[in-house]
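Undergrad:
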Amino acid sequence: MIQFRSVDFGFAGQPLLTDFNLDIVAGRTTALIGSSGSGKSTLLRLMLGLIWPDAGEICFEKTPLSADRLVDIRHRTGYLTQGGGLFPHLTAADNVALMARRLDWNPSKIEARLATLAQMTQLEPALLTRMPSQLSGGQRQRVALMRALMLDPDWLLLDEPFSALDPLIRHQLQDELKTLIGSLNKTVVLVTHDLAEAAWLADHLVLISQGEIIQQGTFAEFRQQPASPFVEQFLAATRALPG
Amino acid sequence: MIRWIAIGLMIAGFFGAASAAEGPRPVVVGSKNFTESVLLGELTTQLLIAQGIAAEHRRALGGSRILWNALARGDIDIYPEYSGTLRFELLADGSDSNGTDKPLQSLLAEVGVAALPPFGFANNYALGMVEQRAQALGITDTSHLLERGNLKIGVSNEFLHRADGWPGLKAAYQLPHAATGLDHDLAYRGLVAGSLDVIDLYTTDAEIDYYGLRVLVDDRGYFPDYQAMLLHRVEWGERRPEVLAVLTQLSGQIEATDISRLNRLHKIDRQSVEQVASDFLETRLKQSPGANKGSSSLASGLLTTTYQQLFLVGVSMLAALLLALPLGVLAAKKPVMGRFILGLAGAIQTVPSLALLVFMIPLLGIGTLPAIVALFFYSLLPILRNTEAGLSGISRELQEAAVALGLSASARLWQIELPLASRTILAGIKTAAVINIGTATLGALIGAGGYGQPILAGIRLDNTGLILQGAIPAVLMAFAVQGLLSWLETRLPAA
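Taken in order, these protein sequences are the chains called P and S. For the first sequence, my numbering assigns the number 6 to the initial residue and increments by one for each residue that follows. For the second sequence, my numbering assigns the number -5 to the initial residue and increments by one for each residue that follows.
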C-alpha cells in the first residue's frame, strides 16, 4: 500500500496539492486520470522522491519515505515515462541491464532475465543489441517497459506510457500490458488522460482536477453514479464511435 | 582502465622529461631580441661547447629588462649587455638619471652581478642621415641640426623614452624638432625611402655600411659609451670559475668592424647565426665548435620547435583538463558556485594573451614554466564552459530516469551524464586546443621556444621564409589536433 497523507506541494509559489490524501491499494491497478496540469504526474514524481512535499508524507508499507530509504524504494519501483527515457548512448540491452549490473548480478542471471522480459513484452531479442535511435517508437516503449521491470519491482509507475505512440501500436500495447499486469500481480499506478485506457487497464480509477480528488471507484461506479457534473462532462468527452 | 594507465604514463613521461633536463645543469646563455645580442649569445655558447662545457643558448628572450630580471632570478646564467644601458637604464635609481661616478663593477657588485672584461667594441647610439642628403645640407655634426628645424626625425620607440635617449639628447643640443617613434628596422627603410631625414643608429648596425649612411659626430659628447660585455651573477661565477676562464678568451677579441661584419653576414647576407658564430670562432680563436652548427638545418630546427610546441600545448592542456573538467561538473551541480567559477574563468579569458604571458614573468621568470601556466589559464574557460553546458543540457526526462532507476550520484555522473555531455565537452576541448596552439607561439617572447621562435626571428630579420617556418607548422598542428578531436567526436554517443 502506498499512502499520501496530508500532502502539500507547490511549484513556483503556486500550490498544486493541498492536504492531499490517497491510499493506493496493493496488488491492483490504480489509474490516476484527469486533464493535463491536474497534478497526476506530480504524484508519481513525489513517490520516487524526484521532488519532495512541502508538508505531509508519502508512506510505502506504512513507513514514510525518507532519504535513507530512497534507493531501496527506487530499486523496488519500476518507472516508465511517455518518452521512455532510454539513454541514447547505451544499447537497448545495456539500458535494461544497467541497474542490475550496478547491483552485481551475475551475467548469466542478467541474460536469463533479458530473455524472459523480451518474451514478456514481445520484443524480438535481436533488437536488444540496437541503439535506441535504431528502434521504432513502439519498440522503444517495450524496451523501456523491460527496464522498468528488470529488478522485478513491487510497484510499477506508468506515466502516460503510450500517449506518444500511433493509435494502432498503442492499442496493441494496451492489450499486451493488460495481459502482462494480469500475470504479474503487481501494484500498478497508471497516469493517463485517456479514460478508455484507464477503464481498460485499471481496477480502480481516481479522477483528479486541480490537485483534488473528484471521485474514485471502478469505471462502472463512475458511469452509474457520477459524483458531479464535472465527472459527467469528463465521461462524455470520450467520444463514442459513430454508427 | 587502459585509459587511466595511459594518462598515468603521460604524466610520468612529462615529469621524467622535466627531471632528466635537471641533471648536471648546462650553462644557460641568454640574448636580447636583436641581431647583435643573439650573435654574441651564440658566440659565447659555441665557445663553451667547443671547450667541453655543456651550454645552451636561449635566444632573443626580450628587451633589456627581461634579460636583467632573468639573470637575477637565475633563469639564465650569462648574457651580453652594454655599459651605457647598465648605468643609465638598469642600475639608474631614478633620482639621478646620469648615474654616479662610481665604477660600473662596484655598482654591479651592489646587486650581486659581475661583468667580464668587455668584448672590445662599443655599440653606441648616434644619429645618422643618408650620405647625399647630409652632404647637400652640409651636416656633419649633431649640432648642425639646430639650424635645420624642419628636418623629420624618427627614432626607435625605446630610444624615444629612455633617459639616455631622445629627451636627454634634445635637451643637450636644444633641438627644436619633434621626433616620431617607430620600429628600429622600419626606421632604416623610412630613411632610405626619404620619408625621414634623421634617425637614431646603433653604431655597429650592418645597415650603416649597407646603405652608406653618414653617422653624425656627437660634438657635444652627449652619448655615453656602450661597451659590450658578458654579465653573470657573482655567486654563480664563484661556483663555475672554469666557465669564466673560458669566456675571458673573448675579451678584447671583437672590434667594432668585426661585429659590424658579423651583423651584416647574418642580417643582410642571411647566413644563420650558428654559421656566422662558428666561422668567427674558427678564424679568430682557432676553435672548432661544430657541435652547434648542425642545429641550423631546417629539419632538425623544425623537430626542436615542434617538440617544444607540443610540450607547451600538451602539458598546459592536460593540466587544464584535470582542473576544468571537475570544476565544470561542480559548476553544473551547484549553479550558484557555477556562476562564480564561470565568471572568474571568463575574467581570465579577457586578459590579452600577450599580457597574460608577461604577467607570469615576475612570478615565474622566463622560459617554459610561465608559458605553460599562462596557456593553462587560457585553456580553462572553453573546457569549463562546455562541461557545464553539456551537463546542464541533459533533458530532465533522462536525468530523472537515471535517478528513478536508483543509480548513485557517481554512477549517474560517469555512466550517464558525462557520456551524454561528451560531445559538448569535446567541442570545448577542441576550441581550447586551437586557441592554445595559436597562443603558444607567443611563448617564444618569454623564452619558451616553440613555433613562435622562427616567427619572431623572421620578423626581426625581415625574413618571410623564416616566419613561414613557424607559421605553417603551427597552422598544420592546429588542423591536425582539430582533425583528431573531430574523429574522436564521431566515436562518441550522439547527444
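In this text, a Cβ means the ideal position worked out from N, Cα and C, and glycines have one as well.
DSSP puts valine 209 of chain S in a beta bridge; with which residues?
TA: S/Gly122
Undergrad: Where does threonine 418 of chain S land, buried or exposed, given buried means 16+ other C-beta within 10 angstroms?
TA: With 16 or more other Cβ atoms within 10 Å, it is buried.
Undergrad: Is it buried or exposed for isoleucine 342 of chain S, if we count other Cβ within 10 angstroms and need 16 for buried?
TA: exposed
Undergrad: With the cut-off set at 8 Å, would you say alanine 216 of chain P and leucine 178 of chain P are in Cβ contact?
TA: Correcting the residue identity first, residue 216 of chain P is glycine in this sequence and not alanine. Leucine 178 of chain P sits away from glycine 216 of chain P, with the two beta carbons spaced by 8 Å or more.
Undergrad: Closer than 7 Å by beta-carbon distance: list the chain P residues that pair up with isoleucine 410 of chain S, in chain order.
TA: Phe92
Undergrad: Going by DSSP, name the residue or residues bridged to tyrosine 76 of chain S.
TA: DSSP, once it has assigned bridges, lists S/Ala222 as partnering tyrosine 76 of chain S.
Undergrad: Could you name the residues that DSSP lists as bridge partners for glutamate 567 of chain S?
TA: Outside the displayed span of chain S (-5 to 489) sits residue 567 of chain S, for which this structure offers no information.
Undergrad: Does the beta-carbon of isoleucine 335 of chain S have 16 or more other beta-carbons within 10 angstroms, so that it is buried, or is it exposed?
TA: buried
Undergrad: Quick one, which of S/Leu374, S/Tyr301 and S/Ala415 has its alpha-carbon nearest threonine 362 of chain S's?
TA: S/Tyr301
Undergrad: Specify the secondary structure class of isoleucine 429 of chain S as computed by DSSP and reduced to three states.
TA: helix
Undergrad: Tell me which residues share the same chain as proline 448 of chain S and place their Cβ nearer than 6 Å to its Cβ, disregarding the 5 neighbours each side in the sequence.
TA: Leu460, Gln463 and Gly464
Undergrad: Check each candidate in S/Arg233, S/Ala166 and S/Gly231 and name the one with the smallest Cα separation from proline 218 of chain S.
TA: Nearest neighbour of proline 218 of chain S by Cα position, chosen from S/Arg233, S/Ala166 and S/Gly231, turns out to be S/Ala166.
Undergrad: Give the interface partners of valine 61 of chain P over in chain S, defined as CB-CB distance under 9 Å, in chain order.
TA: The residue you asked about is not valine; residue 61 of chain P is glycine in the sequence shown. None at all; the shortest Cβ gap to chain S is about 21 Å.
Undergrad: So that I know if they touch, is there some Cβ in chain P lying closer than 8 Å to that of proline 413 of chain S?
TA: Chain P has a Cβ within less than 8 Å of the Cβ of proline 413 of chain S.
Undergrad: Report the three-state DSSP secondary structure of proline 112 of chain P (helix, strand or coil).
TA: helix
Undergrad: Taking only beta-carbon atoms, is alanine 405 of chain S less than 8 Å away from chain P?
TA: Yes, because at least one Cβ of chain P sits closer than 8 Å to the Cβ of alanine 405 of chain S.
Undergrad: On a Cα-Cα basis, can you pick out the residue from P/Leu132, P/Met52 and P/Gln229 that is closest to leucine 75 of chain P?
TA: Taking only the C-alpha atoms, the option nearest leucine 75 of chain P is P/Met52.
Undergrad: Which of helix, strand or coil does DSSP assign to aspartate 252 of chain S?
TA: helix
Undergrad: Residues of chain P with a CB under 7 Å from the CB of alanine 398 of chain S: which are they?
TA: Leu53, Leu55, Arg79 and Tyr84
Undergrad: Establish whether the CB of arginine 10 of chain P and some CB of chain C are separated by less than 8 Å.
TA: Among the chains of the structure shown, chain C does not appear; the protein chains present are P and S.
Undergrad: Per DSSP, phenylalanine 14 of chain P forms a beta bridge with which residues?
TA: P/Leu22
Undergrad: Buried or exposed: isoleucine 56 of chain P, going by 16 or more other Cβ atoms within 10 Å of its Cβ?
TA: exposed
Undergrad: To the nearest whole angstrom, what separates the beta carbons of isoleucine 70 of chain S and glycine 106 of chain S, a pair I think is in contact under 8 Å?
TA: Going by Cβ atoms, the distance from isoleucine 70 of chain S to glycine 106 of chain S rounds to 14 Å, so no, they are not a contact pair.
Undergrad: Using the three-state DSSP reduction, which class does leucine 37 of chain P fall into: helix, strand or coil?
TA: strand
Undergrad: Does any residue of chain P bring its CB to less than 8 Å from the CB of asparagine 380 of chain S?
TA: no
Undergrad: So, does the segment 59 to 72 of chain P touch the segment 109 to 125 of chain P, judging by three or more C-beta pairs under 8 Å?
TA: no
Undergrad: Run through the segment 177 to 242 of chain P for me and flag every whole beta strand (DSSP E) of 3 or more residues, listed as ranges in chain order.
TA: The segment 177 to 242 of chain P contains these whole beta strand (DSSP E) runs: 192 to 197, 209 to 214 and 217 to 222.
Undergrad: Should the segment 107 to 125 of chain S be called in touch with the segment 198 to 217 of chain S, which here means at least 3 C-beta pairs below 8 Å?
TA: yes
Undergrad: Determine the direct distance from the alpha carbon of leucine 316 of chain S to that of leucine 412 of chain S, and round the result to whole angstroms.
TA: Going by the C-alpha atoms only, they are around 15 Å apart.
Undergrad: Would you grab the beta carbon distance between alanine 49 of chain S and leucine 55 of chain S for me? Rounded to a whole angstrom, and I think it's under 8 Å.
TA: Not confirmed; about 15 Å, so no contact.
Undergrad: Who does tryptophan 160 of chain P pair with in a DSSP beta bridge?
TA: P/Thr82 and P/Thr192
Undergrad: Output, in chain order, the set of chain P residues within a Cβ distance shorter than 9 Å of glutamate 391 of chain S.
TA: Thr86, Gln87, Gly88, Gly89 and Gly90
Undergrad: Excluding the 5 residues preceding and the 5 following aspartate 194 of chain S in the sequence, name in chain order all residues of the same chain whose CB lies nearer than 7 Å to its CB.
TA: Tyr119, Leu121, Val149, Ser150 and Phe153
Undergrad: With a threshold of 8 Å between beta carbons, is glutamate 394 of chain S in contact with chain P?
TA: Residue contact with chain P for glutamate 394 of chain S: present (Cβ-Cβ distance below 8 Å to some residue of chain P).
Undergrad: Please compile the residues from chain P whose C-beta is within a distance smaller than 7 Å of the C-beta of leucine 401 of chain S.
TA: Met104 and Arg107
Undergrad: Within the segment 113 to 200 of chain S, note down every full alpha helix (DSSP H) run reaching 4 residues or more, in order along the chain.
TA: Counting whole runs of 4 or more residues, the segment 113 to 200 of chain S contains the alpha helix (DSSP H) stretches 125 to 131, 151 to 155, 160 to 167 and 178 to 187.
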